[in-house]
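For the sequence shown, full-length UniProt numbering assigns the number 1 to the initial residue and increments by one for each residue that follows. Every residue, glycine too, gets a C-beta built ideally from N, C-alpha and C. Quantities reported herein were computed from a predicted structural model and do not represent experimental measurements.
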Amino acid sequence: MLEVNGLKTYYGKIQAVKGVSLTVKQGEIVALLGANGAGKSTILKTISGLIRPSEGSVSFGGENITTTDAHAIVEKGLIHVPEGRRVFAALTVTENLELGAFTKKGAKSKTAQKIAMVFDMFPRLAERHKQMAGTLSGGEQQMLAIGRALMAEPKLLMLDEPSMGLAPIIVIEIMKIIKNINEQNKTTILLVEQNAKAALKLAHRGYVLETGNITMEESSEALRSNDNIVKAYLGAH
Ligand code: ATP
């Protein structure tokens, strides 16, 4: 479904991504793991058209989208939930969800139905539907950011560090929901995480990124039982 080949991305003279290739097949949850500054967010931003690579290609559903506009990429069903859960603080939960639906043509009539689906998946959001998003807890804001992405009916959902800054019990809740989205909605997921332990519990496969290069690609079980991975990424969590 997603094929990234030889991707190189620079910020001015600094090379953040140094020739990354990865694939995500339909129906999979793939984890992209790596320490702070390894280039994970840059890879997602390059895939979703927010930054342009200097070399390499991105194809989605067999179509080359390397130079496609970010909004057109969204229309194709490739949805990116950026780091830091950017919700519209001064709008209610429901209004935030309505905004997530604006992209698809002719989908307005389906908006109410989709909001009901999101509330079904996130009962905490349903309870707080009239609340201003800015007053939600961090975990609830992350749920809202994911819920808003679901309103655009993603074929591939790219999540950038959904566990960031959240209490362990909320991380477990969010990870369960991500698994649900994959199983119930048949949505393919590319999950960027520093919390390797949480990510490898639900991912089918994982890539390890170190300073702009992929250094390992394995099944989640293989990564979990790899001593180097355990030492570098699993010990601290
Ligand atoms: P984190 O988990 O901390 O977000 P990451 O793996 O997502 O890390 P990136 O945010 O992709 O890493 O950053 C990769 C490298 O590119 C880092 O060295 C970072 O300092 C640099 N970088 C990121 N954004 C910019 C920018 N806008 N301008 C210059 N350098 C940048």
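Handout entry: Simplified DSSP assignment, three categories, for Leu50
Key = If DSSP states are grouped into helix, strand and coil, Leu50 belongs with coil.
Handout entry: Cβ neighbour criterion (16 or more within 10 Å) applied to Ala16
Key = Ala16 is buried by the Cβ-count criterion.
Exercise for the section: For chain B, find out if any of its Cβ atoms is closer than 7 Å to the Cβ of Val58; answer yes or no. Expected result: This model lacks chain B altogether; it includes just one protein chain.
Practice task
List the endpoints of the continuous beta strand (DSSP E) containing Asp160.
Solution key: Per DSSP, Asp160 belongs to the beta strand (DSSP E) from Leu156 to Asp160.
Exercise for the section: Assign Asn64 to buried or exposed, taking buried as 16 or more other Cβ atoms, counted over all protein chains shown, within 10 Å of its Cβ. Expected result: Burial call: exposed.
Practice task
Would you tell me roughly how many angstroms separate the C-alpha atoms of Ser21 and Lys130, rounded to the nearest one?
Solution key: Straight through space, the alpha carbons of Lys130 and Ser21 are spaced by roughly 43 Å.
Handout entry: Under 7 Å between C-beta atoms of Arg148 and Asn185
Key = In this structure, Asn185 does not lie closer than 7 Å to Arg148 by Cβ.
Problem - Leu136 in three-state terms, based on DSSP - result: Leu136 falls in the coil class under three-state DSSP.
Handout entry: Range covered by the alpha helix (DSSP H) that runs through Ser220
Key = Membership of Ser220 in the alpha helix (DSSP H) is indicated by the continuous run Ser220 to Arg224.
Exercise for the section: Give a yes or no on whether the C-beta atoms belonging to Tyr31 and Leu191 are separated by under 7 Å. Expected result: The identity of residue 31 in the sequence shown is Ala, whereas the question assumes Tyr. When the beta-carbon positions are compared, Ala31 and Leu191 come within less than 7 Å of each other.
Practice task
Evaluate residue 253 with the Cβ neighbour count: other Cβ atoms within 10 Å of its Cβ, from every protein chain shown; 16 or more gives buried, anything less gives exposed.
Solution key: There is no way to answer for residue 253, as the model of the chain reaches only from 1 to 237.
Exercise for the section: Taking the CB atoms as reference points, tell me whether Ile189 and Leu209 lie closer together than 7 Å. Expected result: Cβ atoms of Ile189 and Leu209: not closer than 7 Å.
Practice task
On the DSSP bridge assignment, give the partners of residue 243 in chain order.
Solution key: Since the first residue of the chain shown is 1 and the last is 237, residue 243 is not available in this structure.
Practice task
Report the rounded CA-to-CA distance for Ala232 versus Ala167, giving the unit in angstroms.
Solution key: Near 21 Å, if we compare the C-alpha coordinates of Ala167 and Ala232.
Handout entry: Euclidean distance between Cα positions of Ile43 and Ser54
Key = Distance between the alpha carbons of Ile43 and Ser54 is about 12 Å.
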